[in-house]
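Undergrad: Take 34 as the starting number for the sequence shown in this note's numbering and just add one per residue.
Glycine included, C-beta positions come from ideal geometry on N, C-alpha and C.
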Amino acid sequence: MRRLFISFSGGETSAFMAQWLLANRADHYDEIVCLFANTGQENEATLRFVQQCDEAFGLNVVWLEAVVQPKGKGCTFKVVNHETASRNGEPFEAVIARYGIPNKSYPHCTRELKLNPMLAYLKSIGWQPGSYDTAIGIRADEIDRMSARAKQKRLIYPLISHVEMTKPRINHWWQRQPFRLQLKGYEGNCKWCWKKSLRKHLTLLNEHPDWYEFPERMEREYPLAGHNLDGNARVFFREGRSTEDLRAMAAAGGFAPARDDAQVYEDQLTLDLDSSNGCSESCEIDFEDAA
Numbered sequence: 034m035r036r037l038f039i040s041f042s043g044g045e046t047s048a049f050m051a052q053w054l055l056a057n058r059a060d061h062y063d064e065i066v067c068l069f070a071n072t073g074q075e076n077e078a079t080l081r082f083v084q085q086c087d088e089a090f091g092l093n094v095v096w097l098e099a100v101v102q103p104k105g106k107g108c109t110f111k112v113v114n115h116e117t118a119s120r121n122g123e124p125f126e127a128v129i130a131r132y133g134i135p136n137k138s139y140p141h142c143t144r145e146l147k148l149n150p151m152l153a154y155l156k157s158i159g160w161q162p163g164s165y166d167t168a169i170g171i172r173a174d175e176i177d178r179m180s181a182r183a184k185q186k187r188l189i190y191p192l193i194s195h196v197e198m199t200k201p202r203i204n205h206w207w208q209r210q211p212f213r214l215q216l217k218g219y220e221g222n223c224k225w226c227w228k229k230s231l232r233k234h235l236t237l238l239n240e241h242p243d244w245y246e247f248p249e250r251m252e253r254e255y256p257l258a259g260h261n262l263d264g265n266a267r268v269f270f271r272e273g274r275s276t277e278d279l280r281a282m283a284a285a286g287g288f289a290p291a292r293d294d295a296q297v298y299e300d301q302l303t304l305d306l307d308s309s310n311g312c313s314e315s316c317e318i319d320f321e322d323a324a
């Protein structure tokens, strides 16, 4: 039984990969499953884009959300859809209440909100670890992000090994489609992801201050949740900055706003169409630590 699991992040690169695999590799597999994990803090534009891709390309996307389990067990899942998907951070808050605020020192959000729910779903349909290939949307210009254990873990990178794609090429393809992901490059799928650069956060705080109400409330209500090694209140952002700190920095000004990476790539299209240089655009799950 040949099986393929497509990890759909909700970004344009991941969407291109999913539709390409169905169009060009469907006859190589007996079963294909495409999963999208919603954290409750995705941009509405991302949720709309996932639904549009599902309808346009026949992806049969299964929408998942994390369900927190008792201590000692990773998150499982529940199946939702575009209409019932959480918009107010419910899965994220449940994970924070159990594991604490994620940050550079405690990077558990992707694991519990995306990786574990996806693996739990696959096990629920009889797909045991090692019995399927996992397709990950990393491009040729992100080759350094490939797992060193890809063969052992049965991880495949179609946009490197099957159809060599860079960000300019992805943009060129989407320019010819009737719809696109309506987000600026620095906005990203997760509205306020702590992995963003400081410049991006300050820009977003000026443009969408309401996006940061959720992390601000989490820092206020769950500062000591989870296993805190030092017993100090946790905050989300780099250099030990809180949401309140970032708001003050954004209000003070004196910084150059982030540029729209998507537009930069558009401007470079004719020069970089065949180059392998570029920046990563999304928080793809690498499945490095999947059981």
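Going by beta-carbon coordinates alone, are Glu-145 and Val-101 separated by less than 9 Å?
TA: As a working note, residue 145 is residue 112 in the sequence shown. As a working note, residue 101 is residue 68 in the sequence shown. In this structure, Val-101 lies closer than 9 Å to Glu-145 by Cβ.
Undergrad: Quick check on Met-34: buried or exposed, where buried means 16 or more other Cβ atoms within 10 Å of its Cβ?
TA: As a first step, residue 34 must be located in the sequence shown, where it is residue number 1. So Met-34 ends up on the exposed side.
Undergrad: Starting from the Cα of Leu-68, find the closest Cα among Leu-238, Gly-133, Arg-253, Phe-41 and give me that residue.
TA: The residue labelled residue 68 in the question sits at position 35 within the sequence shown. Taking only the C-alpha atoms, the option nearest Leu-68 is Phe-41.
Undergrad: How far does the beta strand (DSSP E) with Asp-68 in it extend, from its first residue to its last?
TA: Counting from one through the sequence shown, the residue named residue 68 turns up at place 35. Note on identity: in this sequence residue 68 is Leu, with Asp being the wrong assignment. Unbroken beta strand (DSSP E) run through Leu-68: 64-70.
Undergrad: Quick check: the region 278-292 against the region 145-165, are there 3 or more CB pairs under 8 Å?
TA: No: fewer than three Cβ pairs fall under 8 Å.
Undergrad: The ligand HEM and Asn-136: does any heavy atom of the ligand fall closer than 8 Å to the residue's C-beta?
TA: Of ligands this structure carries none, so the ligand HEM is not represented either.
Undergrad: Checking 9 Å against the spacing of the C-beta atoms, do Glu-277 and Ile-134 come in under that value?
TA: To locate residue 277, count along the sequence shown from 1; it is residue 244. To locate residue 134, count along the sequence shown from 1; it is residue 101. Cβ atoms of Glu-277 and Ile-134: not closer than 9 Å.
Undergrad: At 3 residues or longer, and completely inside the region 91-171: list those beta strand (DSSP E) runs for me, N to C.
TA: Taking only runs of at least 3 residues, the beta strand (DSSP E) segments lying wholly in the region 91-171 are 94-100, 109-113, 166-168.
Undergrad: Could you tell me how far apart the beta carbons of Pro-191 and Leu-55 are, in whole angstroms, since I believe they sit closer than 8 Å?
TA: Within the sequence shown, the letter at position 158 stands for residue 191. Within the sequence shown, the letter at position 22 stands for residue 55. In fact, because the Cβ distance is near 11 Å, the residues do not count as touching under 8 Å.
Undergrad: Kindly identify the DSSP beta-bridge partner or partners of Ile-189.
TA: Residue 189 sits at position 156 when you count from the first residue of the sequence shown. Answer is Ala-168.
Undergrad: Since Glu-45 contacts Leu-214 with CB under 8 Å, what's their CB separation in whole angstroms?
TA: For the purposes of this step, residue 45 is identified with residue 12 of the sequence shown, where counting begins at 1. For the purposes of this step, residue 214 is identified with residue 181 of the sequence shown, where counting begins at 1. Yes, Glu-45 and Leu-214 are in contact; Cβ-Cβ is about 5 Å, under 8 Å.
Undergrad: Buried or exposed for Glu-77, going by 16 or more other Cβ atoms inside 10 Å?
TA: Counted from its first residue, the sequence shown places residue 77 at position 44. Exposed, because fewer than 16 other Cβ atoms sit within 10 Å of the Cβ of Glu-77.
Undergrad: Am I right that Leu-37 and Asp-166 are in contact with their C-beta atoms under 8 Å? What's the rounded C-beta distance?
TA: Working through the sequence shown from its first residue, we reach residue 37 at position 4. Working through the sequence shown from its first residue, we reach residue 166 at position 133. Right, the Cβ-Cβ distance comes to about 5 Å (below 8 Å), so this counts as a contact.
Undergrad: Out of Ser-47, Asn-265, Ile-39, which has the shortest C-alpha to C-alpha gap to Ile-171?
TA: For this step, residue 171 is matched to residue 138 along the sequence shown. Measuring from the Cα of Ile-171, the nearest candidate turns out to be Ser-47.
Undergrad: Just to confirm before moving on: does the CB-CB distance between Gly-43 and Glu-88 stay below 9 Å?
TA: Stepping through the sequence shown from its first residue, residue 43 is reached at position 10. Stepping through the sequence shown from its first residue, residue 88 is reached at position 55. No. Outside cutoff.
Undergrad: Please name the residue in Leu-238, Ser-275, Arg-232 whose C-alpha comes closest to that of Arg-292.
TA: By one-based count along the sequence shown, residue 292 stands at place 259. Of the listed residues, the one whose Cα sits closest to Arg-292 is Arg-232.
Undergrad: In three-state terms, what does DSSP make of Ile-203?
TA: Position 170 of the sequence shown, counted from the first residue, corresponds to residue 203. Look at Ile-203 here: in three-state DSSP terms it is helix.
Undergrad: Please report the straight-line C-alpha distance between Leu-235 and Gln-208, rounded to a whole angstrom.
TA: Taking the sequence shown and counting its residues from 1, one reaches residue 235 at position 202. Taking the sequence shown and counting its residues from 1, one reaches residue 208 at position 175. Each residue's alpha carbon lies about 29 Å from the other.
Undergrad: Under a Cβ-count criterion, where at least 16 other Cβ atoms within 10 Å of its own Cβ denotes burial, should Asp-263 be classed as buried or exposed?
TA: As a first step, residue 263 is located in the sequence shown; it is residue number 230 there, counting from the start. It counts as exposed.
Undergrad: Compare the Cα-Cα distances from Phe-288 to each of Leu-92, Arg-271, Ser-230 and report the closest residue.
TA: Counting from 1 along the sequence shown, the entry for residue 288 is found at position 255. If we check each option's Cα against that of Phe-288, Ser-230 comes out closest.
Undergrad: I believe Met-198 touches Phe-49 by the beta-carbon criterion, under 8 Å. Please report the beta-carbon distance rounded to the nearest angstrom.
TA: The residue you call residue 198 lines up with position 165 of the sequence shown. The residue you call residue 49 lines up with position 16 of the sequence shown. Contact holds; Cβ gap of about 7 Å.
Undergrad: What residues match up with Leu-37 in a beta bridge as DSSP calls it?
TA: The residue you call residue 37 lines up with position 4 of the sequence shown. Ile-65, Asp-166.
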